[in-house]
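Here's the structure we're looking at; comments come further down.
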Amino acid sequence: TVFEHVGALVDKGAMTREPNKARSLSVVADTAGEGLAFRLAGRIAAGRPIEKCETHEELHLGEIFGPRLGRNGEMFALQVEGESMRDEGIFDGDYVIVEKRSTARNGERVVALLPDGESTLKTFFREQDGTIRLQPANPEFEPIIVRDCRVQGVVIGVLRRY
C-alpha cells in the first residue's frame, strides 16, 4: 500500500513526518556526498607557472561524483593493481570510483567480468562483428577480445593517495 511505501521511505530517512500532525510529510534534501569536503585553496599549474590565487571555496565530493555517491550500493571503489591503464592516468595503487551498471557505451572505462571468472579494468568497445574489445591504455599490453563479458560497472572517477 501507499502507507507502507511512505513508511519505508521514512524509515530509510528519505522522508520525515511529525507525529500527530496532519500533512507533515516532507522529502529530506539529498545530502549524499556532502559530508566529505576539502578547503579549495586555489589552482596550481602543472605546465607553465601561473600567478598564485587563493579562494575561499570548498570542494565537495558530491559535486564531483554526483548525488548518488554511496547510495543504495550504486557506487563502489576498487583499488587498481597493475599498469595497463596508465596512459589514461589510472595508476597502480589508485582507487577507481565505479557506478554499478550492466551496460557500457564504446569508449567508457569499465570493470568487466571475463568468461574465465577474472575481472579487469579496461576501455570498452563493441566491434561490428559482435565481439567485445577491452582496450588497455598502455602499449605494453594487448587488447582482450571476447565474445561476451559482463560489465559490472563504469568508472566515474579516480582517487590517488600519495
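Each residue of the sequence shown is one higher than the one before, starting from 181 at the first, in my numbering. From the three backbone atoms N, C-alpha and C, an ideal C-beta is built for every residue, glycine too. Since the structure is predicted, the reported quantities are computational estimates derived from the model, not experimental observations.
For residue i, the three-state DSSP class (helix, strand or coil)
{"i": "residue 266", "result": "helix"}
{"i": "residue 184", "result": "helix"}
{"i": "residue 241", "result": "helix"}
{"i": "residue 301", "result": "strand"}
{"i": "residue 189", "result": "helix"}
{"i": "residue 315", "result": "strand"}
{"i": "residue 204", "result": "coil"}
{"i": "residue 260", "result": "coil"}
{"i": "residue 197", "result": "coil"}
{"i": "residue 285", "result": "coil"}
{"i": "residue 341", "result": "coil"}
Backbone CA spacing between residue i and residue j [nearest angstrom]
{"i": "residue 187", "j": "residue 256", "result": "28 Å"}
{"i": "residue 189", "j": "residue 254", "result": "18 Å"}
{"i": "residue 213", "j": "residue 334", "result": "Residue placement at residue 213 cannot be trusted, given a pLDDT of 46 that sits under 50; what the coordinates show is reported in the next sentence. The alpha-carbon atoms of residue 213 and residue 334 are separated by roughly 19 Å."}
{"i": "residue 318", "j": "residue 288", "result": "16 Å"}
{"i": "residue 227", "j": "residue 183", "result": "Note that residue 227 has pLDDT 49, beneath the 50 cutoff, so the model's placement of it is unreliable and no number is given."}
{"i": "residue 292", "j": "residue 298", "result": "8 Å"}
{"i": "residue 207", "j": "residue 338", "result": "32 Å"}
{"i": "residue 195", "j": "residue 205", "result": "7 Å"}
{"i": "residue 306", "j": "residue 282", "result": "14 Å"}
{"i": "residue 198", "j": "residue 185", "result": "17 Å"}
{"i": "residue 252", "j": "residue 262", "result": "Only weak support is given to the placement of residue 252: the predicted model assigns it a pLDDT of 48, under 50, and the question is left unresolved by the model."}
{"i": "residue 290", "j": "residue 200", "result": "50 Å"}
Anticipated Cβ contact below 8 Å, residue i with residue j, distance rounded
{"i": "residue 304", "j": "residue 312", "result": "7 Å"}
One or two residues paired with residue i in a DSSP bridge
{"i": "residue 279", "result": "255, 334"}
{"i": "residue 292", "result": "300, 331"}
Inter-stretch contact at 8 Å, needing at least 3 Cβ pairs: the region 272-281 / the region 311-330: Taking 8 Å as the limit for Cβ pairs, the verdict is that the region 311-330 does not touch the region 272-281.
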